[in-house]
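Line by line, the protein sequences give chains E, Y, R and C. Under this note's numbering, the first sequence has 67 at position 71, and the numbering climbs by one with no breaks. Under this note's numbering, the second sequence has 178 at position 182, and the numbering climbs by one with no breaks. Under this note's numbering, the third sequence has 1424 at position 30, and the numbering climbs by one with no breaks. Under this note's numbering, the fourth sequence has 1513 at position 119, and the numbering climbs by one with no breaks. We put the CB at the ideal spot given by N, CA and C, even for glycine. Everything below concerns the one structure shown next.
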Amino acid sequence: MKKLINKPEDVVVEELQGIAAAHPDLVRVHFNPNYIVRADAPIQGKVGIVSGGGSGHEPMHGGFVGMGMLDAACPGAVFTSPTPDQMFEATKAVNGGAGVLHIVKNYTGDVLNFEMAAELAQAEGIEVVSVVIDDDVAVQDSLYTAGRRGVGTTVLAEKICGAAAEQGRSLQEVADLCRKVNGWGRSMGMALTSCTVPHVGKPTFDLPEDQMEIGIGIHGEPGRTRMPLKTADEITEMLALPIINDLPFKAGDTVIAMVNGMGGTPLIELYIVYRKLAEICKGHGITIARSLVGNYITSLEMAGCSITLLKADDDILKLWDAPVKTAGLRWGA
Amino acid sequence: MKKLINKPEDVVVEELQGIAAAHPDLVRVHFNPNYIVRADAPIQGKVGIVSGGGSGHEPMHGGFVGMGMLDAACPGAVFTSPTPDQMFEATKAVNGGAGVLHIVKNYTGDVLNFEMAAELAQAEGIEVVSVVIDDDVAVQDSLYTAGRRGVGTTVLAEKICGAAAEQGRSLQEVADLCRKVNGWGRSMGMALTSCTVPHVGKPTFDLPEDQMEIGIGIHGEPGRTRMPLKTADEITEMLALPIINDLPFKAGDTVIAMVNGMGGTPLIELYIVYRKLAEICKGHGITIARSLVGNYITSLEMAGCSITLLKADDDILKLWDAPVKTAGLRWGA
Amino acid sequence: MRSGVITRDDIISWLQCYREVVGEQKDYLTQLDAAIGDADHGANMDRGFAAVLAKMPTVAEKDIGAILKMTGMTLVATVGGAGGPLYGTFFMRAGATTDGKMELSPLEFLAALEAGLAGVQQRGKATIGEKTMVDALTPACQALRRALEAGQPFAVALQQAAQAAEEGMKATIPMLATKGRASYLGERSIGHQDPGATSSYLLFRCAADCFANKNKE
Amino acid sequence: MRSGVITRDDIISWLQCYREVVGEQKDYLTQLDAAIGDADHGANMDRGFAAVLAKMPTVAEKDIGAILKMTGMTLVATVGGAGGPLYGTFFMRAGATTDGKMELSPLEFLAALEAGLAGVQQRGKATIGEKTMVDALTPACQALRRALEAGQPFAVALQQAAQAAEEGMKATIPMLATKGRASYLGERSIGHQDPGATSSYLLFRCAADCFANKNKE
Ligand SMILES: Nc1ncnc2c1ncn2[C@@H]1O[C@H](COP(=O)(O)OP(=O)(O)O)[C@@H](O)[C@H]1O
Ligand SMILES: Nc1ncnc2c1ncn2[C@@H]1O[C@H](COP(=O)(O)OP(=O)(O)O)[C@@H](O)[C@H]1O
Ligand SMILES: [Mg+2]
Ligand SMILES: [Mg+2]
Ligand SMILES: [Mg+2]
Ligand SMILES: [Mg+2]
């Protein structure tokens, strides 16, 4: 295992210490339980937004804490969802009296731990609404299973809902908006390489030099299928078409498009993927109104990418353009 | 070779097409010769700033084109400096009558090609001043050699000089500022893995699982020394101390600090390095006034990091804080 | 001690035994999770039970219900993932049924386990056959009840429960996962043993080993 | 053709020969560059001379100076790196000394090469012994002058020049690089053959091979 770390068991705490040292203007970091809050939290009268999940997906979620996005993020151990006390304390820390939205990615662990945290917060009289993001088209949805994973749409939902909360919208309105974004967002990812969880010390799966994984999640899990390596254009089609056909996105739709790197893939490759995605959208009569190209929701040093398309109306576009001031996403401020 | 590409020979052009598709609000891309210019270039009366170099260092330089930073960037083939016609055409495209600054990283290829371009532009009556960045403390400086490489300080110089040009400072003033930044900036880098140049198809060097390279450049070159892998804290010291001792940075100094990823190293590790860097600076009585943690000047998918410290006075800090609107660096706009 | 009676010291040594086993099996559990999950189950359980043992002094002198509740709350607070809330709920519910008790009869012990399993199913919504810990816990509790009602000595009954848990664990191998992380793999989840079912089997294995002496008297 | 006279067709076949050799040796040159540089010299030279050959039609009927200047300008515009401006300057300067000429005497050809070398040194500031192309070009030009002044037939002289270039190339192996990318490696640059010196040797090798028939008549 080749990593810039000290002891595997110290990775998350030392990362948090680094974040605290690097961004005192943006955030405060609380230890035991671990959570990152806006430097100016709580903001009276504003709906608080809390998200969280396992570590290893940086910049998500800690890098999205700040004005116009999240009020707090709760980082668990690497790829392990955080514990209820973290979300409970973070919820109290950001509660400005207007209630708190929990944005939860659909993984059993995340759902159960956020559920317990919400129960604790509600017991203390804090109004909490949870919205579960499940946008991964690689997983067939079904009432009888754990359902779809929450992936790339989470980033867009945190930006858009953060802007709405900043505008002073109510908890119900922000929660409804979050559900709308989840309903209109679809994602799919692929891996060229596995990644190595620090305390494991070896790659989660072996992927031969000529093979790739299609339909991966964000925890180094193997994907739905393994197949021979293909060109960037072919891979982009294999991700984009299932996304487009799932919603489905139709001619005339306007979208926000994200080409996301899994952590170990350089920008030069992500732009090659974006080039083809733009071509495919054009071919389907879909207009890309806004785009993100870079590492936003990652799996440690995994090489690969994911594509997210979010159908966008004027309200969503205005909220997207609103100022955001975080370590991972910043404009207009 | 596992990359999200089509044909190796098409990598740069397709990347540029992707950039053009993703950022029409920020830049225009010109092909044959290849260069990226601000969407609103040329800006009358403003000093134009042109940089460039081999591709594979993204977001540098193309990702730094926009308000408050570069007016144009000239991307060569991967790790190969661009040709004079690119800089010549880019210089003409951004010349707003106040002259053009060439920010050149100190590599023989870059220096010679920019030199020829400057000769061509001057022959057409465009005032061009070139400033060469050579901040890599891994390389002993000497009159009799090619001297030091230009690395991380280039990013900071482009931001700071871009802000100065935006303020309306003269070519001489902006060039003097660039020389001051180069004089006050020092960097050093290391690699955990090599990287693979697309048209080569295999890693530039082999690095055993338990070894690392210290004192690397940004072209996948091996470094000054190879040694057994060490902890993040030890590695951070091996980079930070030569930097601090070289200028030297003294107690009471204020600096801008950058912990830069080489492309394949995830943020979680970079923050662990930043944590130790902050501790070391504190121990030396050096105040980190501003910081950058992320991938800014990379070597394709190489895993590793570099550290840059720039001594900063009030003028530099004010220029640092000024609005910048590029794909790779953005705030206040 | 009197035959077939479980004291608070027995409960503590059961938890100590499990903590050691989880420590030894950490990499094995993580390997299983790497195949169909995210390679953290071993580390999660190890972290959780290390914390439980560290907290034991806080329940010195306290009753069995307090010990089990402390165990559950500590797991919830330190494990995370799916395992944390599920095992946490398991022990918290077991604790609720043994409130104030300084010792348990085998049937009371069984009742506590059954309450724990009910809690796991309420939280996780998994039924048998979905390739989860439920597939080990359910047959184990059923076997224990059958044996005790048939008048088997407690230690023998626990051996049968552990055996049933092991069979339940092995039975997860051919299953298609429909709950938890493994469900995202669809068909590819088939052919792998579920890590949570494995850690649940080990819990019963420890009980059987710890309480082995319970009928020799 | 008359013995010892170099026509424009000879110059073109020399460049064609070099283009082919660079194509064949592309990976070899890149490997050398990977060891002490950035693994692109082969790709750079291949790209450049492919472009030169593609532009040949634009100088059909034109004089030798025009051919060599076109070659230099095309290299500058397509190669990049250090190699582009240096080889570009080499051919542009060579072209300047042969302006308007439809054929060259061996000494005129030598003068063109010497002018090219002077240009390379002016641009790159490298002297002999710094582990660059200069270490192959310099001895080659010197050997050619010595041989011609000694009255050797042109083809023989060229063979000696190519041999001197090869020795100069090999002599770069033990050198410590003080110019170019390899200089960043310090001591580690020792023990590797310089890629640019290698491509320069190949240029003289091609000349020797192309003009081999020049004395057989
Ligand atoms: N809904 C559920 N009901 C019961 N057990 C579950 C459920 N989901 C997952 N599990 C159990 O949790 C185990 C995984 O635990 P762990 O790896 O610690 O959490 P995570 O999957 O979040 O990484 C699975 O092997 C499975 O036995
Ligand atoms: N200052 C210089 N003078 C002469 N030749 C040089 C100089 N610097 C570099 N070279 C030659 O250029 C070669 C490298 O060319 P190339 O790989 O194409 O460019 P780059 O080093 O920019 O990648 C070196 O092997 C060396 O022979
Ligand atoms: Mg997990
Ligand atoms: Mg090069
Ligand atoms: Mg797991
Ligand atoms: Mg080179």
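ask   = With A1551 of chain C and L1542 of chain C assumed to form a contact (beta carbons below 8 Å), what rounded beta-carbon distance in angstroms separates them?
value = For A1551 of chain C against L1542 of chain C, the beta-carbon gap comes to about 5 Å, under 8 Å, which counts as contact.
query = Are H57 of chain E and G48 of chain E close, meaning C-beta to C-beta below 7 Å?
reply = It is a contact, given that the beta carbons lie within the stated cut-off.
Nearest to L188 of chain E (by Cα), restricted to the options E:G181, E:V320, E:V177, E:F201 = When only C-alpha atoms are compared, the closest one is E:F201.
key: C-alpha distance - V196 of chain Y paired with V74 of chain Y, whole-angstrom precision   = Distance between the alpha carbons of V196 of chain Y and V74 of chain Y is about 10 Å.
Which listed residue (R:F1443, R:A1437, R:A1433) has its alpha carbon closest to that of E1414 of chain R = Residue R:F1443 is the option with its Cα nearest to E1414 of chain R.
query = Which partner residues does M63 of chain E have in the DSSP bridge list?
reply = Answer is E:K321.
query = Grouping DSSP H, G and I as helix and E and B as strand, with all else coil, what is G50 of chain Y?
reply = G50 of chain Y carries a strand assignment under DSSP once its states are collapsed to helix, strand and coil.
key: CA nearest to the CA of R1386 of chain R, picked from R:R1582, R:G1482, R:T1424   = Chain R is shown from 1395 up to 1611; residue 1386 of chain R falls before or after that span and cannot be answered.
ask   = When DSSP labels each residue in this structure, what does A285 of chain Y get in the three-state scheme?
value = Three-state DSSP puts A285 of chain Y in a strand.
request  = Entirely within the region 136 to 169 of chain Y and at least 4 residues each: give me those alpha helix (DSSP H) ranges in chain order.
outcome  = The qualifying runs are 149 to 162.
ask   = What does a CB cutoff of less than 7 Å around V25 of chain E pick up in its chain, not counting 5 residues either side in sequence?
value = Taking C-beta separations shorter than 7 Å and ignoring five residues to either side along the sequence, the partners of V25 of chain E in its chain run L12, I15, A16, I32, following chain order.
task = Below 8 Å CB to CB, which residues in the same chain sit around L313 of chain E once its five sequence neighbours on both sides are set aside?
result = Closer than 8 Å at Cβ, skipping near neighbours: T250, I252, A285, R286.
query = Name the chain Y residues whose beta carbon is nearer than 8 Å to that of D372 of chain E?
reply = Only positions -3 to 329 of chain E appear in this structure, which leaves residue 372 of chain E out of reach.
task = Under 8 Å by Cβ, that's how I've got A37 of chain Y and A18 of chain Y pegged, so tell me the actual separation to the nearest angstrom.
result = Between A37 of chain Y and A18 of chain Y a beta carbon distance of about 18 Å is seen, past the 8 Å cut, so the two are scored as non-contacting.
request  = Answer with buried or exposed for T1645 of chain C, where buried requires no fewer than 16 other C-beta atoms within 10 angstroms of its C-beta.
outcome  = Because chain C spans 1395 through 1611 in this model, residue 1645 of chain C falls outside it and cannot be assessed.
ask   = Considering only residues of the same chain and omitting the five flanking positions on each side of A247 of chain Y, which have a CB-CB separation below 8 Å?
value = Exclusion of the five residues before and after A247 of chain Y leaves H280, G281, I282 as the residues of its chain whose Cβ lies within less than 8 Å of its Cβ.
message = Tell me the DSSP secondary structure of K1610 of chain R in three-state form.
response = Residue confidence is low: K1610 of chain R scores 46 on pLDDT, short of 50, so the model does not pin down where it sits. Its coordinate-derived value is still stated next. For K1610 of chain R, the secondary structure class from DSSP, reduced to helix, strand or coil, is coil.
key: Of the listed residues C:G1398, C:K1525, C:A1448, nearest to S1577 of chain C (C-alpha basis)   = It is C:K1525 whose Cα lies nearest to the Cα of S1577 of chain C.
query = For the beta strand (DSSP E) that contains R34 of chain Y, what are its first and last residues?
reply = In this chain, the beta strand (DSSP E) harbouring R34 of chain Y covers 31 to 34.
query = Is it buried or exposed for I1567 of chain C, if we count other Cβ within 10 angstroms and need 16 for buried?
reply = In this structure I1567 of chain C is exposed. Its beta-carbon is surrounded by fewer than 16 other beta-carbon atoms within 10 angstroms.
key: Beta-bridge pairing of W327 of chain Y - partner residues as DSSP gives them   = Bridge partners of W327 of chain Y: Y:V320.
key: Secondary structure of K88 of chain E, DSSP reduced to three states   = Looking at K88 of chain E - three-state DSSP - the assignment turns out to be helix.
Close Cβ partners of M335 of chain E (< 6 Å) along its chain, the five nearest in sequence each way excluded = Lying before the first or after the last residue shown, residue 335 of chain E is absent from chain E, which here runs from -3 to 329.
ask   = What number of angstroms, rounded off, separates the C-alpha of A1556 of chain R from the C-alpha of A1537 of chain R?
value = Here the C-alpha atom of A1556 of chain R lies approximately 9 Å from the C-alpha atom of A1537 of chain R.
inquiry  = Whole angstroms are fine: how far does the CA of G1417 of chain C sit from the CA of M199 of chain Y?
reply    = The sequence shown places Pro at residue 199 of chain Y, rather than the Met named in the question. Straight across, the Cα-Cα distance linking P199 of chain Y with G1417 of chain C is about 21 Å.
For R1396 of chain C, three-class secondary structure by DSSP = Per-residue confidence for R1396 of chain C stands at a pLDDT of 48, beneath the threshold of 50, marking its modelled position as unreliable; the derived number appears in the next sentence. In the structure shown, R1396 of chain C sits in coil (DSSP, three-state: anything other than H, G, I, E or B).
key: Interface residues of chain E facing A17 of chain Y [CB-CB closer than 7 Å]   = Y270, R271, A274, listed in chain order.
ask   = Between R1517 of chain R and chain E, is there a C-beta pair that is closer than 7 Å?
value = Chain E has a Cβ within less than 7 Å of the Cβ of R1517 of chain R.
inquiry  = Give me the residue from Y:L306, Y:I268, Y:P319, Y:C301 with the minimum Cα distance to H53 of chain Y.
reply    = Distance from the Cα of H53 of chain Y is smallest, within the candidate group Y:L306, Y:I268, Y:P319, Y:C301, for Y:C301.
ask   = Is DSSP giving N256 of chain E helix, strand or coil here?
value = Strand, per DSSP.
query = Any C-beta of chain E sitting closer than 7 Å to the C-beta of D1427 of chain R?
reply = Interface criterion not met: the Cβ of D1427 of chain R is under 7 Å from no Cβ in chain E.
query = So what does H98 of chain Y bridge to, in DSSP terms?
reply = Looking at the DSSP output, H98 of chain Y bridges to Y:V46, Y:S126.
query = For I1 of chain E, which residues of its own chain have a beta-carbon under 8 Å away from its beta-carbon, when the five flanking residues on both sides are left out?
reply = Excluding residues within five positions, the ones whose Cβ falls inside 8 Å are V7, E10, P194.
request  = Return the CA-CA distance between Y103 of chain Y and F245 of chain Y, expressed in angstroms with no decimal places.
outcome  = Answer to the nearest angstrom: the Cα atoms are 25 Å apart.
Coil, strand or helix - V74 of chain E by DSSP = Strand at V74 of chain E.
query = Residue range of the beta strand (DSSP E) that V23 of chain Y falls in?
reply = That run of the beta strand (DSSP E) goes 23 to 26.
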